[in-house]
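First residue of the sequence shown? That's 8 in this note's numbering, and the numbers climb one at a time after it. Glycine residues also receive a C-beta, built at the ideal position from the N, C-alpha and C atoms.
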Amino acid sequence: VKVQGAGGEREVGMERRTVKVKPVVSGTTGKTGWIKIKQFDQQTVGLVKDALKTNLAAGANCHVIDLRDNAGGFFRAGVDAASLFLESGKPTVYVVNKDGVQ
Numbered sequence: 008v009k010v011q012g013a014g015g016e017r018e019v020g021m022e023r024r025t026v027k028v029k030p031v032v033s034g035t036t037g038k039t040g041w042i043k044i045k046q047f048d049q050q051t052v053g054l055v056k057d058a059l060k061t062n063l064a065a066g067a068n069c070h071v072i073d074l075r076d077n078a079g080g081f082f083r084a085g086v087d088a089a090s091l092f093l094e095s096g097k098p099t100v101y102v103v104n105k106d107g108v109q
């Protein structure tokens with residue numbers, strides 16, 4: 008790649024690599040478990056389930072779900088992850104049209 012700078016034009020080599028992001032990290036602080044979801048992908052729901060099990064086994068009796076700086080991802084994965092924490096049988100999401108009709 009050619010780069011133009013104050014010292015003129017120069018050529019810089021670049022290498023393409025796959026960036027691996029661990030979509031879920033978790034831990035406990037005292038009796039509080041925390042789960043940080045960095046993005047929603049095919050692995051997210053399974054990793055959140057694993058994190059819940061691990062945190063509960065470590066003595067957590069409540070959880071904080073951290074979505075700060077979440078990059079987004081697959082809608083279905085987000086819905087599935089949310090449904091882990093919501094009452095079974097109740098809608099997780101619904102669609103409202105431009106006229107406000109559900």
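GLY37 versus CYS69 - alpha carbon distance: 10 Å
Cα separation between GLU18 and ALA64? In a straight line, the C-alpha of GLU18 is about 54 Å away from that of ALA64.
Since ALA84 and VAL52 are thought to touch, with beta carbons under 8 Å apart, how far apart are those beta carbons, to the nearest angstrom? Their Cβ separation, rounded to whole angstroms, is 6 Å, which keeps ALA84 and VAL52 in contact under 8 Å.
Where GLY79 sits in the DSSP three-state scheme: coil
Let me check understanding here. Comparing Cα to Cα, which of LEU59, LYS97, ALA58, LYS43 lies closest to ILE72? LYS43
Identify whether VAL86 lies in helix, strand or coil by the three-state DSSP scheme. helix
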